[in-house]
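Engineer: The following block contains the structure, expressed as structure tokens.
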């Protein structure tokens, strides 16, 4: 029995490591691509007004892919689904590179849509990590995969210049470098999952007696979508993830423009955005452990208060350190809501239900990103940065209320089973 436990621990570690490495490679490819998309879009279209269309298409691809990907992984397993997602990333990047060479804006948009589709699929790596571990370590496993995005946030922009130089040395346009380089990174991620992501995490999730919680032991093996969405924990998790995403994107999207309007230099802007990115991803390894120890719902409450604090601090002063603190708190609050919400969905559903619910959550999160991104500019232009941040703080009252209202019944149910 002890030897079997040790073997299972080694398998789990290998799976989490494979997911971390693959997600790091994919994240670096995404960020390197995003760094030049606006430039490529403006050049190929000949219209600066269309520079934002590439990012919108990527968000659309991610949103459209999330739910069917979740359903497919529920039926066929995490491993084939994630590998297909990485291969779609390879295809999209190659198409984008060819589009730059051929100066074709429509082909470039097709490639970006595929890259966005890959994003919608591969973002579910965190749920594969949750499947592979015991329930009391789910938040830590999810946070490990979320932390992999830090690799992309740091490494992606650093790769843009060298990849461009390699492309020039090969006689290709400089902007094809991030595209073809991204294809290689996606290919390496797919190879990593093919070699090391076994057994399929879904098989571990349905292992008898190992991956159930006191909450979902009371539930039937499969329930209707309506019955699942009526669960307090599922509602709380969904609301915290979606509105946390909306508020984070709403504030973050226009902070650099707000600073530019008030004559901040690029060094100050990069410092503030860097503090925000660090808050989003840099502490994930620690926040995951905190969530497992403190509990999902209390962590969501803390996360929403941090989002509110950050949204109120950011517009209170034009000093760079003040803005950096505000954006850091917004990023950290998002991190807590995102990881705790993801963990709640995994806790409240069985292996036969999990993929569809998690796919739905990622669909809503991506739509929330699109809403926050598209509305932020209009709110800033019409009402100003202060009003935008106050609106974000008010939105945070919804997940805070959900956690306070529905969290108590959930805690009582769990306590009753102890």
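Numbering (the numbering used here), first residue to last: 12 to 429.
Even glycine gets a Cβ: it sits at the ideal position worked out from N, Cα and C.
With contact counted as at least three CB pairs below 8 angstroms, one residue from each stretch, are the region 297-309 and the region 144-156 in contact?
Structural biologist: yes
Engineer: With C-beta atoms as the reference, is residue 34 less than 9 angstroms away from residue 133?
Structural biologist: yes
Engineer: Considering only residues of the region 193-280, which uninterrupted alpha helix (DSSP H) runs meet the minimum length of 4 residues and lie entirely inside it, listed in chain order?
Structural biologist: 212-216, 236-240 and 243-272
Engineer: In this structure, does DSSP put residue 361 in helix, strand or coil?
Structural biologist: It is coil, neither helix nor strand.
Engineer: Under the three-state reduction of DSSP, which class applies to residue 24: helix, strand or coil?
Structural biologist: helix
Engineer: With three or more C-beta pairs closer than 8 angstroms as the rule, is the region 260-270 touching the region 376-392?
Structural biologist: yes
Engineer: For a cutoff of 9 angstroms on Cβ pairs, would you count residue 99 as touching chain D?
Structural biologist: The structure shown contains no chain D; it is built from a single protein chain.
Engineer: Comparing alpha-carbon positions, which option in 347, 348, 323 and 346 lies nearest residue 336?
Structural biologist: 323
Engineer: Is residue 81 closer than 9 angstroms to residue 306 when the C-beta atoms are compared?
Structural biologist: no
Engineer: Any idea if residue 107 is buried or exposed, counting beta-carbon neighbours within 10 angstroms, 16 or more meaning buried?
Structural biologist: buried
Engineer: Measuring alpha carbon to alpha carbon, tell me which residue in 389, 48, 416 and 396 is nearest residue 188.
Structural biologist: 48
Engineer: May I ask you to report which of helix, strand or coil DSSP gives residue 387?
Structural biologist: helix
Engineer: If we ignore side chains and look at the alpha-carbon of each, how far apart do residue 350 and residue 150 end up?
Structural biologist: 6 angstroms
Engineer: Alpha carbon to alpha carbon, what distance is there between residue 330 and residue 137?
Structural biologist: 36 angstroms
Engineer: Could you tell me if residue 58 is buried or exposed, where buried requires 16 or more neighbouring beta carbons within 10 angstroms of its beta carbon?
Structural biologist: exposed
Engineer: How long is the line joining the alpha carbons of residue 65 and residue 123, rounded to whole angstroms?
Structural biologist: Approximately 7 angstroms between the Cα atoms of the pair.
Engineer: Under the rule that 16 or more other beta-carbon atoms within 10 Å means buried, what is residue 210, buried or exposed?
Structural biologist: exposed
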